[in-house]
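K.L.:
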Amino acid sequence: MPPLRLPPGVMATARRRLGGTQGARFWRSLEELAGEPGFARELDGTLGRLPEPDSPGRRRFLQLLGASLAFGGLAACSGPPAEQMVPWVSRPGDMPAGQPRFYATVLHDAGDVLGVLAESREGRPTKIEGNPAHPASLGATGALPQAAVLDLWDPDRSQAPLRNGVASSWDVFAAEASDWRARFALDGGGLVVVGGALVSPTLRAQREAFLRRFPGSRWHAYEAVGSTQAEQGARLAFGRPLLPRYHFEQADVIVALEADFLGGMPGRVAYARAFAGRRRPEGPHGMNRLYALEGTPSLAGAMADHRWALRSSAIALAALELARALDVAALPASAPSGLPPAQLAALAADLVAHRGRSLILAGESQPPEVHALAHLLNQRLGNAGRTVDYMAPAVPAEPEALPGLAAAIRAGQVHTLVLLDSNLAYAAPAGLGLDTLLRQVPQVVHWGLHRDETAQLAAWHLPASHALEAWSDAQSFDGTVAIAQPLLAPLYDTRSVHEFVAVLMGETVQDGHAIVQSYWRTQPGDDPEAWRGRVRGGVAQPAPPAEPAVASAAFLHDWQPVAADTPLELLFRPDPTVWDGRHANNGWLQELPKPLTQLTWGNAALLDPQLAARMGLSNGDVVALDCAGRRVEAPVWIMPGQAAGCVTVHLGYGRRHAGHVGDDLGFDAYRLRGARAPWIAPGLALAKTGRRVALASTQDHFRIEDDAPVRELDAAALASGTPLRQPPPPSFYPPQPQGEYAWGMTVDLNACIGCKGCSIACQAENNIPVVGADQVRRGREMHWIRVDRYYAGDPARPRLYHQPVPCMHCEHAPCELVCPVGATVHDSEGLNVQVYNRCVGTRFCSNNCPYKVRRFNFLQYSDLTGEALKAQRNPEVSVRNRGVMEKCTYCIQRIERAHIAADRGNRAIADGEVVTACQAACPTQAIRFGNLHDPGSEVSRAHASPRSYDLLEELNTRPRTSYLARVRNPNPALGDEA
Amino acid sequence: MSQVFHPRFGFRARLALLGVLVLIVGGCLAWRGMTGDPHRLGEPVAQPVPFSHKHHVGDDGIDCRYCHADVETSAFAGLPPISTCMTCHSQLFTDTPMLRPVVDSWRSGRALHWNRVYQLPDFVYFDHSIHVAKGVGCVTCHGRVDRMPLTRRVVPLSMKWCLDCHRDPQKYLRPRERVFDLDWHARDQRRLGLRLVRAYRIDTARLTDCSVCHR
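Keeping their order, the protein sequence lines are chains B and D.
First residue of the first sequence? That's 1 in our numbering, and the numbers climb one at a time after it.
First residue of the second sequence? That's 1001 in our numbering, and the numbers climb one at a time after it.
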């Protein structure tokens, strides 16, 4: 839907409507809230619009009609092709045909490490599941790890070594590398390696060997989105680099100082599980209370009981005020943060009342002093050692790595620069000018998955093996080390990072398996059995014990907090889906609506509604962002809940050499990023350009006509125990046949953090195609489970809600009544099934579905020709063609697999035996699935909870998918609205 | 008044009508021929090696599961790897020209491509293991392979044919221990079948759900 122009008076209209008795309590966009006249008309069209042809004449129309009939007839005139069967020559061990097998391995993504079980189908990795034994996963995943499998099969992957853009070979490279070795053997001064976060112990050992071998050489670890500020903060507080490990399960009161521990921190999957575990009012320890102070809405902020929008630069001031209220001595003088003193006092009192059971944490976007202050406050409150402990990083961060590299290049001191999948020409702050400086380096060697912006400048580009093709190891946020094992031999002529470094150093052992194994031989307790156990279980080394750490207040003397005095400041954030740009060529992640904005296929500059109204801007208007002489043009997105005076841009877009999917989308926010203060840039100037861009946002798509799609309870309502669900009224329709099982699902809105891992997991499991930005604008995205985002309250500081919506599998399904060909019918276990080979594409069902969960293949969305992509698909799910309706099946293939296994053994399917793809991926276990006939099953118990309710209950469709209402736990001293 | 139509017109009209009829019938036949299964019912399918089930099963008495080892545990019965052939054929008939492709495949490590005889329509997901576990005999769908010198398809594999059994499984069920016995016949199939439906806990109401076979 094209964004609508927001008149300057929208805020006033919105406030008036909210204040009125019949004002919509929940709203999805400002346009909807303001009740613009055009809104309803635009909405009518979102349900899949017909293509608009250039109004052909009558004759042309008849010609096309005749031709399509003839070709349609001809196309049907072919039988199925004769199939061939190709057996093994000799079958490896125990590999039964047609059965999925799971291998424990580990994925790492910009420093975030997750132990996973990768599913293999006849040797092809098709799906990622979490590894329950790995403490960073606990069986769950999330959107980014789910999409890793598509990166493996990406047809744009780099396939052969290139020398100055011309195909070459690894042998030629090895020969040239031996010349460099001779040159740098005595003095490695001109040799610099830049790689990503050093999470692999084997790579760390290789790095040490490298630095010994070439004295004077350097090896920097650079992540555009790293944890440098956090580590520097720990250095200020403890005098040495330490990494905090949070224990949310112990915390009753949490204060997040712009810390998005649910969406943007290493360890977020485990943190989300621990946090959500304390959001269940039925739980034994009661609910926690989260205060979030942030400049731009985040996933953690959306879950907060008290979310206080403050300018990012004022959060340091608020932290100081909080410290003052907690009686910390010798604090530096600071300007007021703008937070009302009553709120601050209530927060301080809440923290004091929960000594040892509270937690204060700071986000990477805050300066080191705020991190240090958080450590100090945790210590004063007795939290250290309980809700937070510390461990030493394996390699201390180098905040000055890139500026130092830029200076060295400028001084002509760098001769050979080796880049380990580090895209410096794109992802370095523009203030350093590295994209031009790289051209001055005589020899740039780039090893990476894609021929990206940096590879274009490099003399050598060497293709990298994907994580599912290589042996490696990785250390997660809590220090646990796991071994990564390959699921298949490299598809192309590629090498893993360990193999590449071995080639570079001219090692005799250049096989990845041998390199990783030889590192683990040096570890205590090694024997062949131990190695097998380490690989098989997915955990090689448990987390180290906590380091003793005493925070000192000395840093307070040197801290001169700066007041936020410029009218506008620019905030940088990693993109929720493409992150720092590394996933730009992943179609699944591009099309996943970004949590909170619901934007797809691009980024935008987020503005608060007042600023937008003042400047007369609406969604999609292009503005020029000017910051310290750096200028970028960007479309605007109005973000309710954004702090006044803050403009947020997301990194990761504007890629020029990402691949066919990711090129030329959005704008490049790195062009605005300065070398210092990488997260906040004060002194931003904003100017209208008069141009407009059609952004592809899904926030108004698939609207449900429900006044209260999300229900919320307060403590009193919860205590009364009155069930939300009314007994269903009588129905004219006959009851559906009742089989042995009645499958049902429950989604706990109190646990859902809106990460959208479920959407991507469903896409991977069910062969769901990607449609592209143009089709998304027409409301034709295909996700079977969407996550709706609702606002409630004042647009300046709204409450945020997430609601995953799969097919409801109604017992009295409206879709079934209108299908003229019986393509959507009920089965005896309550599934509303879609029979693709019967469907003729009338779309009556989708029009009659009140939940708007049906998806139609308007065009041939599934790529039937791309060979690499075929290999990713789940062989147990049909690939749909053009003209066919589809929707959530409750993962019928998984139900059938469990059915067959149980029926073979003449037993009943146990509770928990069927796990849907969305349920498996969910970090917070918000989704539960099972048999509603079994009163003891987890889903039945959730269904019986007083929090349980159905969407559009008044239609008496009797949905099998139900929801558990959200419960808030506000501070009684502050009231509900603060 | 003169005749409106010439006397020869009747003949021409009949000829034209016949032509239209021939065209329609021909079209239908051609369409059927083009859209039919690649191999006709009952027609032996050519293979790179003229493998004879008659010889291996009928004459030698090898059990089905010796080669189709996954049939009790997996959706696919499993085509034997060449190594299974070589358990005997590394000693027997090693130099016959007929076996040449098998021996070559074993030596070179290059897989053999067999032509599929039982080709299921698209959108159908069939599972061998559950059928075997519930007492559907091999012979019920695959016929007397012990009498087939070259393997051929003996059932139409149409949805009607599948449903014939899914609606009335008692017509075909046999005791589990007789599943692989090609020569076995029930004395009173109806009584036995009804008993087995109960004994094997077959939910007959569910067997005709779309979701059982289609996903």
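Backbone N, C-alpha and C define an ideal beta-carbon position, used for all residues, glycine too.
Give a yes or no on whether the minimum CB-CB distance between Q84 of chain B and chain D is below 8 Å.
P.N.:
Along the first sequence, read from residue 1 onward, the residue named residue 84 of chain B stands at position 84. True, the Cβ-Cβ gap to chain D drops below 8 Å.
K.L.:
Within this structure, are the beta carbons of S697 of chain B and T597 of chain B separated by less than 8 Å?
P.N.:
Sequence index remark: in the first sequence, residue 697 of chain B carries index 697 (1-based). Sequence index remark: in the first sequence, residue 597 of chain B carries index 597 (1-based). Going by C-beta atoms, S697 of chain B is nearer than 8 Å to T597 of chain B.
K.L.:
Closest Cβ-Cβ distance between W1114 of chain D and chain B: below 8 Å?
P.N.:
Here residue 1114 of chain D corresponds to residue number 114 of the second sequence, with the count starting at 1. Yes, contact with chain B.
K.L.:
Between the C-alpha atoms of L651 of chain B and D774 of chain B, what's the straight-line distance to the nearest angstrom?
P.N.:
Along the first sequence, one-based indexing puts residue 651 of chain B at 651. Along the first sequence, one-based indexing puts residue 774 of chain B at 774. Their backbone Cα atoms lie some 22 Å apart in a straight line.
K.L.:
For the segment 1079-1096 of chain D, enumerate the residues whose C-beta is nearer than 7 Å to any C-beta of chain B, in chain order.
P.N.:
If the cut-off is 7 Å between Cβ atoms, the segment 1079-1096 of chain D has L1079, P1080, P1081, I1082, S1083 near chain B.
K.L.:
Which residues in the same chain have their Cβ closer than 7 Å to the Cβ of L50 of chain B, if we skip the five residues on either side of it in sequence?
P.N.:
Residue mapping note: residue 50 of chain B aligns to position 50 of the first sequence, counting from 1. With a pLDDT of 48 at L50 of chain B, under the threshold of 50, the modelled position of that residue is not reliable, and no figure is offered here.
K.L.:
Taking the Cβ atom as the reference point for each residue, do W679 of chain B and F572 of chain B lie within a distance shorter than 8 Å?
P.N.:
Position 679 of the first sequence, counting from 1, holds the residue named residue 679 of chain B. Position 572 of the first sequence, counting from 1, holds the residue named residue 572 of chain B. Their beta carbons are under 8 Å apart, which means W679 of chain B touches F572 of chain B by this criterion.
K.L.:
Just to confirm before moving on: does the CB-CB distance between R163 of chain B and W460 of chain B stay below 8 Å?
P.N.:
Position 163 of the first sequence, counted from the start, is the residue given in the question as residue 163 of chain B. Position 460 of the first sequence, counted from the start, is the residue given in the question as residue 460 of chain B. Yes; because the gap between Cβ atoms is below 8 Å, this pair is in contact.
K.L.:
Assign L625 of chain B to one of three DSSP states: helix, strand, or coil.
P.N.:
Here residue 625 of chain B refers to the residue found at position 625 of the first sequence. Here L625 of chain B sits in strand by DSSP.
K.L.:
The beta strand (DSSP E) spanning H802 of chain B covers which residue range?
P.N.:
The residue labelled residue 802 of chain B in the question sits at position 802 within the first sequence. Looking at the DSSP string, the run of the beta strand (DSSP E) that includes H802 of chain B is 799-805.
K.L.:
Ignore the nearest five residues each way along the sequence and tell me which others in T387 of chain B's own chain have a CB closer than 6 Å to its CB.
P.N.:
As a working note, residue 387 of chain B is residue 387 in the first sequence. So the list reads H247, Q250, A251, L359, once near-sequence residues are dropped.
K.L.:
Take S1105 of chain D and list the residues in its own chain whose beta-carbon comes closer than 8 Å to its own, dropping the five residues that flank it on each side.
P.N.:
Locating residue 1105 of chain D in the second sequence gives position 105, counting from the first residue. Here the set comprises I1082, A1111, L1112.
K.L.:
At a CB-CB cut-off below 7 Å, which residues of chain D make contact with P737 of chain B?
P.N.:
For the purposes of this step, residue 737 of chain B is identified with residue 737 of the first sequence, where counting begins at 1. Those within 7 Å of P737 of chain B in chain D are A1205.
K.L.:
Residue range of the beta strand (DSSP E) that R240 of chain B falls in?
P.N.:
The sequence position of residue 240 of chain B within the first sequence is 240, counting from 1. From DSSP, R240 of chain B is part of no beta strand (DSSP E); its letter is neither H nor E.
K.L.:
So with Cβ pairs under 8 Å, would you call P876 of chain B a contact of chain D?
P.N.:
By one-based count along the first sequence, residue 876 of chain B stands at place 876. Before going further, note that residue 876 of chain B is Glu rather than Pro in the sequence given. Cβ-Cβ to chain D under 8 Å: yes for E876 of chain B.
K.L.:
Given 8 Å as the limit, is there contact between the segment 850-858 of chain B and the segment 873-888 of chain B, that is, 3 or more CB pairs closer than that?
P.N.:
yes
K.L.:
Determine contact between the segment 1063-1075 of chain D and the segment 92-104 of chain B, defined as no fewer than three beta-carbon pairs at a distance below 8 Å.
P.N.:
Output reads yes: the segment 92-104 of chain B touches the segment 1063-1075 of chain D.
K.L.:
When you compare each of B:V414, B:V535, B:P486 to G512 of chain B by their alpha carbons, which one comes out closest?
P.N.:
Counting from one through the first sequence, the residue named residue 512 of chain B turns up at place 512. For G512 of chain B, the nearest C-alpha among the options comes from B:P486.
K.L.:
Evaluate contact between the segment 1144-1156 of chain D and the segment 1051-1070 of chain D, counting only Cβ atoms and requiring at least three cross-stretch pairs below 8 Å.
P.N.:
yes
K.L.:
Any C-beta of chain D sitting closer than 8 Å to the C-beta of T689 of chain B?
P.N.:
Translated into positions along the first sequence, residue 689 of chain B becomes position 689. For T689 of chain B, the answer is no, since every Cβ of chain D falls outside 8 Å of its Cβ.
K.L.:
Just to confirm, are A133 of chain B and G645 of chain B a CB contact at a threshold of 8 Å?
P.N.:
Here residue 133 of chain B refers to the residue found at position 133 of the first sequence. Here residue 645 of chain B refers to the residue found at position 645 of the first sequence. No. Outside cutoff.
K.L.:
Name the chain B residues whose beta carbon is nearer than 9 Å to that of S1158 of chain D?
P.N.:
The residue labelled residue 1158 of chain D in the question sits at position 158 within the second sequence. Going along chain B, no residue has its Cβ under 9 Å from S1158 of chain D, so there is no contact; the nearest lies around 13 Å.
K.L.:
By DSSP's criteria, M885 of chain B is part of a beta bridge. Which residues make up the other side?
P.N.:
Taking the first residue of the first sequence as 1, we reach residue 885 of chain B at position 885. DSSP output for M885 of chain B lists B:F856 as bridge partner(s).
K.L.:
What residue range is occupied by the uninterrupted beta strand (DSSP E) comprising A302 of chain B?
P.N.:
For the purposes of this step, residue 302 of chain B is taken as residue 302 along the first sequence, with counting starting at 1. It is not in any beta strand (DSSP E) - A302 of chain B instead sits in the alpha helix (DSSP H) that spans 299-302.
K.L.:
Quick one: list the residues of chain D neighbouring V833 of chain B, beta-carbon separation under 9 Å, in chain order.
P.N.:
In the first sequence, residue 833 of chain B corresponds to position 833, counting from 1. Under the 9 Å cutoff, chain D gives D1209, C1210, S1211, H1214, R1215.
K.L.:
In the DSSP assignment, find the unbroken beta strand (DSSP E) run with E294 of chain B in it and report its ends.
P.N.:
To locate residue 294 of chain B, count along the first sequence from 1; it is residue 294. 289-294 is the span of the beta strand (DSSP E), which, as asked, contains E294 of chain B.
K.L.:
Would you tell me roughly how many angstroms separate the C-alpha atoms of Q456 of chain B and L617 of chain B, rounded to the nearest one?
P.N.:
Within the first sequence, numbered from 1, the residue matching residue 456 of chain B stands at position 456. Within the first sequence, numbered from 1, the residue matching residue 617 of chain B stands at position 617. Those two C-alpha atoms are separated by around 38 Å.
K.L.:
Select from B:S29, B:V787, B:P946, B:V821 the residue whose C-alpha is nearest the C-alpha of P723 of chain B.
P.N.:
Walking along the first sequence from the start, residue 723 of chain B turns up at place 723. Comparing Cα-Cα distances from P723 of chain B to each of B:S29, B:V787, B:P946, B:V821, the minimum goes to B:P946.
K.L.:
Quick one, which residues of the segment 904-932 of chain B are near chain D if we go by CB-CB under 8 Å, in chain order?
P.N.:
R904, N906
K.L.:
Span of the alpha helix (DSSP H) holding Q590 of chain B?
P.N.:
Your numbering for residue 590 of chain B matches position 590 in the first sequence. Per DSSP, Q590 of chain B belongs to the alpha helix (DSSP H) from 587-591.
K.L.:
So, is M1034 of chain D buried or exposed, given that buried needs 16 or more other C-beta atoms within 10 angstroms?
P.N.:
Taking the second sequence and counting its residues from 1, one reaches residue 1034 of chain D at position 34. The residue is exposed, with fewer than 16 neighbouring Cβ atoms inside 10 Å.
K.L.:
With a threshold of 16 other CB atoms inside 10 Å of the CB of M95 of chain B, please say whether the residue is buried or exposed.
P.N.:
Position 95 of the first sequence, counted from the start, is the residue given in the question as residue 95 of chain B. M95 of chain B comes out exposed.
K.L.:
Which runs of the alpha helix (DSSP H) fall wholly inside the segment 663-734 of chain B and span at least 4 residues, in chain order?
P.N.:
715-720
K.L.:
For V1154 of chain D and C1165 of chain D, I'd like the C-alpha separation in whole angstroms.
P.N.:
As a working note, residue 1154 of chain D is residue 154 in the second sequence. As a working note, residue 1165 of chain D is residue 165 in the second sequence. Their backbone Cα atoms lie some 15 Å apart in a straight line.
K.L.:
Could you give the distance in angstroms between the alpha-carbon of P1038 of chain D and the alpha-carbon of P1156 of chain D?
P.N.:
In the second sequence, the residue the question calls residue 1038 of chain D occupies position 38. In the second sequence, the residue the question calls residue 1156 of chain D occupies position 156. So the alpha carbons of these two residues sit roughly 12 Å apart.
K.L.:
Name the chain D residues whose beta carbon is nearer than 8 Å to that of Y836 of chain B?
P.N.:
The sequence position of residue 836 of chain B within the first sequence is 836, counting from 1. The answer, in chain order, is F1123, H1214.
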